[in-house]
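Down below is the structure, laid out as structure tokens.
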Amino acid sequence: MRTLIKQAHLHDARGDHGVHDLYLRGDRIEGVDLGGEVDHTIDAQGNLVTPAFIDLHAHLREPGQEEKEDLASGLAAAAAGGFGTVVSMANTTPPVDDPGLVAALALKAERLGLARLRPAATLSRGLKGEGLTDFAALKAAGAVMITDDGIPVADAHLMRRACEYAQDLGLVIQTHSEEPSLRQGGVMHEGAVSQRLGLPGNPAAAEAAMIGRDCEIALLTGARVHLAHVSSKRGMQVVEWFKAQGAPVTCEVTPHHLTLTDAALASFDPIYKVAPPLRTDEDVAYLREALRRGVVDNIGTDHAPHTRAEKERDLLEAPFGIGNLEVTFALLYTELVGSGALSLERLLELFQAGPARVMGWPTPTLEPGEPADLVVLDLEASRPVTPATFRSKAKFSPWSGQTLRGWPVMTLVGGRVAFEGV
Amino acid sequence: MTTPKHLLDTQDWTVENIEALFNTADVMAQVLERTIKKVPALQGFTVGTLFFEPSTRTRLSFERAARAQSADVVSFAAGGSSLAKGESLKDTLKTLDAMQADLYVVRHAVAGVPHQLARWTDAAIVNAGDGRRAHPTQALLDAYTFRQRFPDGFAGKKLAIVGDIMHSRVARSNAELWTKLGAQVTLCGPRTLLPPELAGGRVSLTTDLCEAAEGAHAVMALRLQSERMGRGLLPSLAEYRARYCLTEEVMAGAHPDALVMHPGPLNRDVEISGALADGPQSVIEAQVKNGVSVRMAVLYTLLVGRR
Numbered sequence: 244m245r246t247l248i249k250q251a252h253l254h255d256a257r258g259d260h261g262v263h264d265l266y267l268r269g270d271r272i273e274g275v276d277l278g279g280e281v282d283h284t285i286d287a288q289g290n291l292v293t294p295a296f297i298d299l300h301a302h303l304r305e306p307g308q309e310e311k312e313d314l315a316s317g318l319a320a321a322a323a324g325g326f327g328t329v330v331s332m333a334n335t336t337p338p339v340d341d342p343g344l345v346a347a348l349a350l351k352a353e354r355l356g357l358a359r360l361r362p363a364a365t366l367s368r369g370l371k372g373e374g375l376t377d378f379a380a381l382k383a384a385g386a387v388m389i390t391d392d393g394i395p396v397a398d399a400h401l402m403r404r405a406c407e408y409a410q411d412l413g414l415v416i417q418t419h420s421e422e423p424s425l426r427q428g429g430v431m432h433e434g435a436v437s438q439r440l441g442l443p444g445n446p447a448a449a450e451a452a453m454i455g456r457d458c459e460i461a462l463l464t465g466a467r468v469h470l471a472h473v474s475s476k477r478g479m480q481v482v483e484w485f486k487a488q489g490a491p492v493t494c495e496v497t498p499h500h501l502t503l504t505d506a507a508l509a510s511f512d513p514i515y516k517v518a519p520p521l522r523t524d525e526d527v528a529y530l531r532e533a534l535r536r537g538v539v540d541n542i543g544t545d546h547a548p549h550t551r552a553e554k555e556r557d558l559l560e561a562p563f564g565i566g567n568l569e570v571t572f573a574l575l576y577t578e579l580v581g582s583g584a585l586s587l588e589r590l591l592e593l594f595q596a597g598p599a600r601v602m603g604w605p606t607p608t609l610e611p612g613e614p615a616d617l618v619v620l621d622l623e624a625s626r627p628v629t630p631a632t633f634r635s636k637a638k639f640s641p642w643s644g645q646t647l648r649g650w651p652v653m654t655l656v657g658g659r660v661a662f663e664g665v
Numbered sequence: 008m009t010t011p012k013h014l015l016d017t018q019d020w021t022v023e024n025i026e027a028l029f030n031t032a033d034v035m036a037q038v039l040e041r042t043i044k045k046v047p048a049l050q051g052f053t054v055g056t057l058f059f060e061p062s063t064r065t066r067l068s069f070e071r072a073a074r075a076q077s078a079d080v081v082s083f084a085a086g087g088s089s090l091a092k093g094e095s096l097k098d099t100l101k102t103l104d105a106m107q108a109d110l111y112v113v114r115h116a117v118a119g120v121p122h123q124l125a126r127w128t129d130a131a132i133v134n135a136g137d138g139r140r141a142h143p144t145q146a147l148l149d150a151y152t153f154r155q156r157f158p159d160g161f162a163g164k165k166l167a168i169v170g171d172i173m174h175s176r177v178a179r180s181n182a183e184l185w186t187k188l189g190a191q192v193t194l195c196g197p198r199t200l201l202p203p204e205l206a207g208g209r210v211s212l213t214t215d216l217c218e219a220a221e222g223a224h225a226v227m228a229l230r231l232q233s234e235r236m237g238r239g240l241l242p243s244l245a246e247y248r249a250r251y252c253l254t255e256e257v258m259a260g261a262h263p264d265a266l267v268m269h270p271g272p273l274n275r276d277v278e279i280s281g282a283l284a285d286g287p288q289s290v291i292e293a294q295v296k297n298g299v300s301v302r303m304a305v306l307y308t309l310l311v312g313r314r
């Protein structure tokens, strides 16, 4: 099978390569402007062709919560968002703490032929925060990351031992850094808005304090610790300080923490209830600045779908999280690149080389021989967010109706079309 | 003057709306003085009371207000949560909507629920207390009670509220309403129960009760819930009483005609001395009585009194 992607504007981590005909052979990139017979031609005139995105943080809800999402809907949503590889979080029902489950998920995903699944496994058995899971066996089964994401690891000793054990195996430990006893039952950022609305607050200090602890443990053990969804200025300042000390830590931010603030909760709509919570204008500005300065290693979607009925509960009962795999690129391209706050190159890096570096994977490029995992972006396409058309089962969005520019129009995974849209 | 469709809080109500409501409440108060305390003003209307959180005083007050105007009343009291029943809030409302009420009075333990319900029904919504956020009819009846004693209005007046400010919807709603009407409000309590973010505009904070009461035209004590002690917010009841119990000595520093207020139910000799609660400055009973006429005015205004 030989495919021609015609008149593509090529871009990868090595830079901008101008407009060329890109040839794929089987599941690999063959080269540019080669000519010759092809089986399939894709017209990419006017579009940017670049390595497919990597999301290190998505909740696909399988097994056990398929009413929210499953591998088929979640990986289709990922492909529609331009993602070729997704790390799925392990806080499912039951949790992914068993090598057999890791292998089963990987096998099922492979058969679906959508985005590639790279499962994470839990750090503690049953997500109970007590005993460690079998890291080596989980890795052998295909787990690429160890995390109790969704539940902070309250026990510092357990976190230390997990880091020591993972370091030996070359596994990345990802953290949900929020000090539970400081967070208490907070459902939104603690500040002027939460006090006015009378909703229990979760102070930024809860995040900063636990990030500090986790960075100290990374320094102590030498383990690679990836700080998920850093949401606050204080939290990001702690990350920066520890990075300057040489701590082996990396960090991600999410699209919602870069574009929304706690003011959105004034509508009392639980769609804006996320963990960690939406913060203030000052926090958003600082996170954007940290993106620009290179402190942030990657964008993680923290795609966390729920059913509509769950989000129609009151603000204490409604679950944390929103689905956003399909809008993340267009949202950040519109809000950050469109406003001049960030270059397109840096934004792409946060979806490609950045997450690859976090995981110790090769930097995705368009060089001959590399996997043909590609996204075709129409940077001029401008259309409103219409959740009804989402591949995800969570067909609602904080950005519903908002017109965004720059949409993926095709995603190829291993040379096969995993998504083709308008 | 347009009247808002709902009473979710007093933010959407102008000073003009509120003055009109108080004038209507004056008329309703006269109705309650008659031998036959009932008028046909709301005949044919159905008022639904949706109490997702236990309440006796507020629910009875609203039901009395509805029946005194000949409205039909249907009551829904939910023990526990909608989640416990496996039903979303929206589904619960849709089920109740089959009762075809024209107005719902809603009490819920979580802030914002009346706002959520208002999005899902055509009926008017009156917030009868949502979590720690707002209790607008309490604030209205408190202000109405103050206005009876100080007919020259709120400008230049000072209200002090003492107690568990953090968890109090009464404190938030009163601070919002009284400052809107022109008064100064001082919120007072131990630092653990006094969120600094509530200060601003005409609202100031202090941890010193005597400072709060100094020159005040009204001092309102809030009920202290003993569960606060277990969560590290207060060291002991004795310490709280020693520092924050409203007494004659504290009131000595207030304005000579100052009112002593309490939204009830009260813990005598914990947040307020029993003697002060029963004394000549106390308007606690008047607050309860005015609650009915103010709520009659709210129901009347939202159902038929629109202009």
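Taken in sequence, the protein lines are chains E and A.
Counting from 244, one number per residue, gives the positions in the first sequence under the working numbering.
Counting from 8, one number per residue, gives the positions in the second sequence under the working numbering.
The beta carbon of each residue, even a glycine, is placed where N, CA and C say it ideally should be.
TODO: Check distances from the C-beta atoms of the stretch 140-154 of chain A to those of chain E and list, in chain order, the residues that come in under 8 Å.
DONE: R140 and A141
TODO: Indicate whether P630 of chain E and F639 of chain E have their beta-carbon atoms separated by less than 8 Å.
DONE: yes
Task: Amino acids of chain A, ordered along the chain, whose beta-carbon sits closer than 7 Å to that of F639 of chain E - done: Near F639 of chain E there are no residues of chain A at all, since even the closest Cβ is about 13 Å away, more than 7 Å.
- [ ] Run through the stretch 170-196 of chain A for me and flag every whole alpha helix (DSSP H) of 4 or more residues, listed as ranges in chain order.
- [x] 176-187
TODO: Within its chain, find whatever has a CB closer than 7 Å to the CB of F511 of chain E; leave out the 5 residues flanking it on each side and keep chain order.
DONE: L558
Task: Same chain, Cβ closer than 8 Å to V262 of chain E, neighbours up to 5 away in sequence not counted - done: Q250, A251, H252 and L253
Task: Three-state secondary structure assigned by DSSP to S625 of chain E - done: strand
TODO: Sort A:A259, A:K296, A:L28 and A:L240 by Cα distance to G271 of chain A and report the nearest one.
DONE: A:K296
Open item on the list: Would you say A319 of chain E lies against chain A (beta-carbon separation less than 8 Å)?
Closed with: no
Open item on the list: Any beta carbon of chain A sitting closer than 8 Å to that of Q438 of chain E?
Closed with: yes
Task: Through-space distance from L229 of chain A to N445 of chain E, alpha-carbon basis - done: 25 Å
Open item on the list: So P202 of chain A contacts chain E; which residues on that side make the cut at Cβ distance below 8 Å?
Closed with: Q438
Open item on the list: I'd like to confirm the pairing. Which residues does DSSP put opposite R659 of chain E in its beta bridges?
Closed with: E:V656
Open item on the list: Just checking: is the beta-carbon of E407 of chain E within a distance shorter than 8 Å of some beta-carbon in chain A?
Closed with: no
TODO: Have a look at E:Y266, E:P294 and E:L534 and flag the residue whose alpha-carbon is nearest the alpha-carbon of D282 of chain E.
DONE: E:Y266
Open item on the list: Helix, strand or coil for A72 of chain A? Go by DSSP, reduced to three states.
Closed with: helix
Open item on the list: Using 8 Å as the threshold, is the C-beta distance between V192 of chain A and A182 of chain A below it?
Closed with: yes
Task: Inter-residue Cα distance where the pair is G260 of chain A and C252 of chain A - done: 14 Å
Open item on the list: In the DSSP output, what is H252 of chain E paired with across the bridge?
Closed with: E:V262 and E:L291
- [ ] Going by CA-CA distance only, name the one from E:L620, E:R536, E:G566 and E:T497 that's closest to S316 of chain E.
- [x] E:G566
Task: A364 of chain E (DSSP reduced to helix, strand or coil) - done: strand
Task: Closer than 9 Å at the beta carbon, the chain A residues around E421 of chain E - done: Neighbours of E421 of chain E on chain A: none; closest Cβ ~19 Å, over 9 Å.
- [ ] Assign K636 of chain E to one of two classes, buried (16 or more other C-beta atoms within 10 Å of its C-beta) or exposed (fewer than that).
- [x] buried
TODO: For A451 of chain E, I'd like the list of residues in its chain whose CB is within less than 8 Å of its CB, leaving aside the five on either flank, ordered along the chain.
DONE: S475, R477, G478, Q480 and V481
TODO: Compare the C-beta of Q123 of chain A against all C-beta atoms of chain E and say whether one is closer than 8 Å.
DONE: yes
Open item on the list: Could you tell me the alpha carbon to alpha carbon distance between K164 of chain A and L283 of chain A, rounded to whole angstroms?
Closed with: 21 Å
TODO: Return the residue from the list E:A383, E:P423, E:V430 and E:E592 that minimises the CA-CA distance to A399 of chain E.
DONE: E:P423
Open item on the list: By the DSSP assignment, the beta strand (DSSP E) with V415 of chain E in it spans what residues?
Closed with: V415 to T418
TODO: Would you mind reading off the limits of the beta strand (DSSP E) that contains L348 of chain E?
DONE: Element bounds for L348 of chain E: not the beta strand (DSSP E) but the alpha helix (DSSP H), P342 to L355.
Task: L534 of chain E, DSSP secondary structure in three states - done: helix
Open item on the list: Classify V22 of chain A: buried if its beta carbon has 16 or more other beta carbons within 10 angstroms, exposed otherwise.
Closed with: exposed
Open item on the list: Buried or exposed, going by whether 16 or more other CB atoms sit within 10 Å of the CB of V311 of chain A?
Closed with: exposed
Task: Under the three-state DSSP convention, the category L370 of chain E falls into - done: helix
TODO: Would you kindly report the start and end of the unbroken alpha helix (DSSP H) that includes Y151 of chain A?
DONE: P143 to R156
Open item on the list: Quick check on the DSSP output: what are the complete alpha helix (DSSP H) runs of length 4 or more inside the stretch 573-621 of chain E, in order along the chain?
Closed with: 587-594 and 596-602
TODO: Please indicate yes or no: does the CB of T186 of chain A lie closer than 7 Å to some heavy atom of the ligand MG?
DONE: Of ligands this structure carries none, so the ligand MG is not represented either.
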